[in-house]
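Chains as they are written, first to last, in full-length UniProt numbering: chain A, 1 to 246; chain B, 1 to 246; chain C, 1 to 246; chain D, 1 to 246; chain E, 1 to 246; chain F, 1 to 246. No residue lacks a Cβ here, since even glycine has one placed at the ideal position from N, Cα and C.
Number of protein chains: 6
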Amino acid sequence: MQLQLSTWPEVESYLQSSPGIIFPIGSTEQHGPTGLIGTDAICAEAIAKGVGEATGAMVGPTINVGMALHHLAFPGSVSLRPSTLIRVIVDYVSSLAPAGFSRFYFINGHGGNIATLKAAFSEAYHHLGSLGHSQNVRCHLGNWFMARGVYQLAKELYGDQEGHHATPSEVALTQFVYPEAIKTAPLNPEVASGHSIYSAQDFREHYSDGRMGSNPALATPEHGQRFYEVAVKELSESYQRFLAEN
Amino acid sequence: MQLQLSTWPEVESYLQSSPGIIFPIGSTEQHGPTGLIGTDAICAEAIAKGVGEATGAMVGPTINVGMALHHLAFPGSVSLRPSTLIRVIVDYVSSLAPAGFSRFYFINGHGGNIATLKAAFSEAYHHLGSLGHSQNVRCHLGNWFMARGVYQLAKELYGDQEGHHATPSEVALTQFVYPEAIKTAPLNPEVASGHSIYSAQDFREHYSDGRMGSNPALATPEHGQRFYEVAVKELSESYQRFLAEN
Amino acid sequence: MQLQLSTWPEVESYLQSSPGIIFPIGSTEQHGPTGLIGTDAICAEAIAKGVGEATGAMVGPTINVGMALHHLAFPGSVSLRPSTLIRVIVDYVSSLAPAGFSRFYFINGHGGNIATLKAAFSEAYHHLGSLGHSQNVRCHLGNWFMARGVYQLAKELYGDQEGHHATPSEVALTQFVYPEAIKTAPLNPEVASGHSIYSAQDFREHYSDGRMGSNPALATPEHGQRFYEVAVKELSESYQRFLAEN
Amino acid sequence: MQLQLSTWPEVESYLQSSPGIIFPIGSTEQHGPTGLIGTDAICAEAIAKGVGEATGAMVGPTINVGMALHHLAFPGSVSLRPSTLIRVIVDYVSSLAPAGFSRFYFINGHGGNIATLKAAFSEAYHHLGSLGHSQNVRCHLGNWFMARGVYQLAKELYGDQEGHHATPSEVALTQFVYPEAIKTAPLNPEVASGHSIYSAQDFREHYSDGRMGSNPALATPEHGQRFYEVAVKELSESYQRFLAEN
Amino acid sequence: MQLQLSTWPEVESYLQSSPGIIFPIGSTEQHGPTGLIGTDAICAEAIAKGVGEATGAMVGPTINVGMALHHLAFPGSVSLRPSTLIRVIVDYVSSLAPAGFSRFYFINGHGGNIATLKAAFSEAYHHLGSLGHSQNVRCHLGNWFMARGVYQLAKELYGDQEGHHATPSEVALTQFVYPEAIKTAPLNPEVASGHSIYSAQDFREHYSDGRMGSNPALATPEHGQRFYEVAVKELSESYQRFLAEN
Amino acid sequence: MQLQLSTWPEVESYLQSSPGIIFPIGSTEQHGPTGLIGTDAICAEAIAKGVGEATGAMVGPTINVGMALHHLAFPGSVSLRPSTLIRVIVDYVSSLAPAGFSRFYFINGHGGNIATLKAAFSEAYHHLGSLGHSQNVRCHLGNWFMARGVYQLAKELYGDQEGHHATPSEVALTQFVYPEAIKTAPLNPEVASGHSIYSAQDFREHYSDGRMGSNPALATPEHGQRFYEVAVKELSESYQRFLAEN
């Protein structure tokens, strides 16, 4: 059930049976010479819709821009500052909590969002609590790329060439979702890896084409479908455990 | 050309020929008993993609949540505070300006966003200027529902029953985009109208089912297609004038 | 009744009979070669006092500096950032609401304030609501220069030479209020017009002497008095309708 | 020379001979049963104009609302939060510094503003410095009520009955400026004194009519004129020393 | 070399040979019935001083209060909001970077700080970059309790009774540092474990005495010394690798 | 009783008998060629512990970094912006007030903190009040260097050579606390004095070695002990008066 395709009386009915809502959150950032700039949002959105279908959960609109400051030296990347993203999350949760939503499950497609989202959850609980709302609100971070089955499949299919950014697994998933947007380009086999992430300029100096130890040329739409199915299954279970938690 | 479906080298190429980018911005808010909560985002996104196709412009990801604080007394509505939305826009513009984007065209689907977006543009120019960036960046607000042809068509089709929120024109457009999500419900013909907008609670007291003087039951997908075509045509011309402005 | 010239027991008495207060808000910004930098504040203040006398309303102190970032390339202009002005308005409203003021009527002399003020009103309602205050507070924006009679009179007296900034109508009003401060200077008849407003630097490049399509040399103190009287009359009626609104 | 009554070319000329500007800053807050709510702004404005006349300094528009959070339990008081006032001052200074103003002299009428203004000056220097502006900007705080001659005159005229808020000296000055707004009311001779200032509620509990140890019934317009003359003289000298400082 | 015990000329000399500085960061929060409220700060400070001695690094003053919002339902806990802590870190880094410090190594004693610190590092890089500073600044997060040797030793000494908060390992370390402050109290052997962390109220409901699955009664000062030595050794190596990174 | 060396049940017990807590606040800033960068924090911490012992008060962890923006042109100085420090103080007070702490006594070692702390206290009272907390919270600022006995002793020992920054009195106190960190260096007897404090760059231009009119070579550890004893005695009495205030 998609929030954007529902009416408010339908939401009111939904809240009779569940306090849960899923928000896909991605990023708008370079993903190497062949990866789509929207990769993280595309993956999160597709999986969130799948989880919504599997569980009957309400799925909110995708948060397309996240925390990608370190990618800004590549054209087309867009980022919120962490302090901005924290405010955004606080506003989302504060908007919906008075109506009865109290279980917020974020399906995340971008490693760079994790720290800020966790910080934002703390800020949101405190914000609601200080305003005298019930302290019953809970947020959960579901990173699809860190699901056990996803990790195992990536290992099996790509071994060390999975890398850490512009990975074949995420590229595969976007190929499954948007087969019309599969890109090819010569990829230097000598891909940088292992350097820590600091400023945007430092990032580009060390990762000159944007990849981090990955070989996205290995990706196929068929792989993408497998990742999709594994991720939907695992995150659906995770969402249901989250709702059931005492 | 969609930013989310492009690679960074493609963006780099694009910037050789154009400094323009279009961002659809909507809202996630109640649209009466039959209107979709995502109406404003759905309309803005569809039209922005159409304008992108017509003009070759780069189209960024949709900003799905805007300034809808006055709708928060209806379940399912989500809003940023104006001060948050200003930061978001400043971050978007500041991310892309250093790469060479200097013409930001926002296709807006929500009247409630207008004031905050205009304020945000001023803040963004000043922010960039104070940091020593070229003061060459320009933002433009393209409200599809205020395009002359759209207005005339709505008048012709619906007369006074167009109203001001949950209008048949916007509902029609969502029916054209998502025919599978056409909703029906009994609509009280005595719909409130003419009350100013203040707090969320005040809004709901005066507009009990969420509509403002509108009769969305008049909407049809065929109307929606006509609105879409008129809006794409007018906003494409507007976008091109914006790029050509000296 | 001026707040600044009242005692707190007098305010307490006033609140027994009315919850309304008027705040004049202007700007401190260039108004071309002959217009006063305080034009917008001077006009708003004079009209607000007139409305206060006509209606018995409490009139607060003038907000002399508004949102004029686009004028900052001319010396003497002062501006708040939109995000600052939003905080200022939230603080004003939050200060007075607990005492019983619930109808805030802003008499505005500057087009550049409109967007930010509207955004600020939304933020103020939400702020008060989230703190558990009654959501009964209402703000209204009364732009004197957009009053019907003012518009008609300007059209009649100046036709196309009214322009959009440093207009003869506002200059006339300041001449009426401060006849000792009437300035003259040669005005280039080829005045720029029609360019959109972006950054401060862009503004000055396109509007080299600060005027926007106007011929303030047409202004006279007698015109100013007529504008004053029309504006006071119309805004007094508007204020009373605002108080009477259900 | 008043900024509000000048044109931008006049400001440009002024800057050829002086980098100085004076801003009166007051407060909008209760001043006991007979003191005007605008007392602090009225005094600061009158003295600033006097100093402007005596020294030829540019005088900016009055900042009418300051930091008066502790007075908010009395109706009619308005306050900015300290964090808001800091932003306001940073915006003022940042607006004018690029044009060439580098000596900002604030004539202050309210003790409660002192701490926040000093903090704001530090924030403003740092803000400008971090943006790469010359670190040549200087701000000075001139509290008229702390001028030596003012203090001595108050001691001589009122002795211990000067008190610390709603003092006869400031009331006298407002009587001199606005003789038409002289208020009388029975004043309890047992006026509270000596309690520290904490929250607004605590303030009202300890200072039930708003005075702090003062007897404003002693004030006369003639006293007010003497305070005015002493303050103008001392602050004019102080302003000139400020400009001359190496 | 401790920053607090150095003079500025000594710092100037130090910068000739190293751009590195270590900041201990802890928290001020409940640590169960027997753990010290300052546990996280005490551990971080002791280890940081040890690393400073081992490597010759400059060690800054301890950041005693971190992100502990979820502990606030226990008396004595103090927390910054994440958005505040981000500003604090940005200010620290921005203060020292212009002087030549470019390698900031935070020795952290509190799991709850991790997310916010990572977010703060991103915000700091971006802040400096946007102001035109060299993007050469790097921050590193060294969590002593996650060092491999520490983990192994805790496993060996305490097995499953190490738990996740108020752990015997951190308690032991504080006993080593402050043997005069060893506390005892009856500890319920049925200690809660495994519940996720949400709001402060939720935390206290699920972890009634503040421990998370731990048995701090196992701690001894001798264990503490072993943890100290392992942590100093590992983090010293980590700090030196950080400085040597290309 | 030190908060950092207490358990939460001990804090709970303490609150049965007292609502008071003392926070030492210093600064991390240059103190001339021989003064320690941590001087202000060291002094505040030592005296606060002394006051805690003398009065049985709870003493919180030291706030090591304060408002020292004007010292940032000397390496090793660290500062919060005033707006950041205000947030920090608001967070501290808001964390502890719900648990029952209502008397916050800050022992301050740095003149540059005074304005911002006073502003922060006002912001904290208002913040708590607006959230509906009891407005019973009180903060007090105890500047040890302004205690009468301290001032007299400094006058007696050093006369005019006490100066205003890097004073022999504060240096002496650090020598008493850290006799192992006594520094010597040639001090130019022609020390600057009397220049107002503006930007960091301006400060360094006028105070080239960081001292302001002081001769810290006069300091001895024995003096330091005398200052310590006087300050502890006076501030203990002040703290007790603060608690006893009605």
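With distance defined between alpha-carbon atoms, name the residue in the options nearest to residue i.
i, options, result
"His126 (chain D)", "E:Gly35, E:Asp40 and E:Ser95", "E:Ser95"
"Tyr228 (chain D)", "D:Val137, D:Asn143 and D:Gly32", "D:Asn143"
"Gly112 (chain C)", "C:His165, C:Tyr158, C:Glu156 and C:Asp160", "C:His165"
"Gln30 (chain E)", "E:Leu72, E:Asp160, E:Ala54 and E:Pro186", "E:Leu72"
"Pro183 (chain A)", "A:Met212, A:Gly35, A:Gln16 and A:Val88", "It should be noted that the sequence gives Lys, not Pro, for residue 183 (chain A). Nearest of A:Met212, A:Gly35, A:Gln16 and A:Val88 to Lys183 (chain A), Cα basis: A:Gly35."
"Leu128 (chain D)", "F:Leu187, F:Gln225 and F:Arg81", "F:Arg81"
"Ala185 (chain C)", "C:Arg204, C:Leu218 and C:Val177", "C:Leu218"
"Glu205 (chain C)", "C:Gly213, C:Ala192 and C:Pro216", "C:Ala192"
"Gly213 (chain D)", "D:Ala120, D:Ser169, D:Val93 and D:Ser17", "D:Ser169"
Helix, strand or coil: how does DSSP classify residue i here?
i, result
"residue 247 (chain C)", "Only positions 1 to 246 of chain C appear in this structure, which leaves residue 247 (chain C) out of reach."
"Gly194 (chain C)", "coil"
"Val65 (chain E)", "coil"
"Leu3 (chain E)", "helix"
"Asn108 (chain E)", "strand"
"Leu141 (chain A)", "strand"
"Gly20 (chain B)", "strand"
"His164 (chain E)", "coil"
"Arg211 (chain B)", "coil"
"Arg81 (chain D)", "coil"
"Gly159 (chain D)", "helix"
"Gly76 (chain E)", "coil"
Within a Cβ cutoff of 7 angstroms, which residues of the same chain sit near residue i, ignoring the five residues on either side of it in sequence?
i, result
"Pro61 (chain D)", "Leu3 and Gln4"
"Ala97 (chain A)", "Leu128, His133 and Val137"
"Ala54 (chain C)", "Val232 and Ser236"
"Gly50 (chain A)", "Tyr228 and Val232"
By the 10 Å Cβ neighbour count, where 16 or more other Cβ atoms means buried, how is residue i classified, buried or exposed?
i, result
"Asn64 (chain A)", "buried"
"Pro179 (chain E)", "exposed"
"residue 268 (chain B)", "Past the edges of chain B, shown from 1 to 246, lies residue 268 (chain B), and the structure says nothing about it."
"Lys118 (chain B)", "buried"
"Gly132 (chain C)", "exposed"
"Ser208 (chain C)", "exposed"
"Glu234 (chain B)", "buried"
"Arg241 (chain E)", "exposed"
"residue 247 (chain D)", "Nothing can be reported for residue 247 (chain D): it is not among the residues displayed for chain D, which extend from 1 to 246."
Excluding five sequence neighbours on each side, which residues of the same chain lie with their C-beta closer than 6 angstroms to the C-beta of residue i?
i, result
"Ser77 (chain F)", "Glu29, Gln30, Ala68 and His71"
Within its chain, find whatever has a CB closer than 8 angstroms to the CB of residue i; leave out the 5 residues flanking it on each side and keep chain order.
i, result
"Gly52 (chain B)", "Met1, Gln2, Ile22, Met58 and Val59"
"Val11 (chain F)", "Leu3, Met58 and Ala99"
If you measure beta-carbon to beta-carbon, which residues of the stretch 186-209 of chain D are closer than 8 angstroms to chain F?
His195, Ser196, Tyr198, Ser199, Ala200, Gln201 and Asp202
For the stretch 22-38 of chain A, list every residue whose C-beta sits within 7 angstroms of some C-beta in chain E, in sequence order.
none
Scan the stretch 126-151 of chain C for residues whose Cβ lies nearer than 8 angstroms to a Cβ of chain B and list them as they occur along the chain.
His126, Leu128, Gly129, Gln135, Asn136, Val137, Arg138, Cys139 and His140
Members of the stretch 65-90 of chain A near chain B, C-beta cut-off 7 angstroms
Considering only beta carbons, the part of the stretch 65-90 of chain A lying closer than 7 angstroms to chain B consists of Val65, Leu72, Phe74, Pro75, Gly76, Ser77, Val78, Ser79, Leu80, Arg81, Thr84, Arg87 and Val88, in chain order.
Residues, ordered as in the chain, of the stretch 42-55 of chain E that lie near chain F by beta-carbon distance below 9 angstroms
Ile42
Give the residues from the stretch 160-182 of chain D that approach chain C closer than 8 angstroms (Cβ to any Cβ), ordered along the chain.
Tyr178 and Ala181
Under 8 angstroms, CB to CB, which of the residues in the stretch 211-241 of chain A have a partner in chain B?
Within the stretch 211-241 of chain A, no residue has a Cβ that lies closer than 8 angstroms to any Cβ of chain B.
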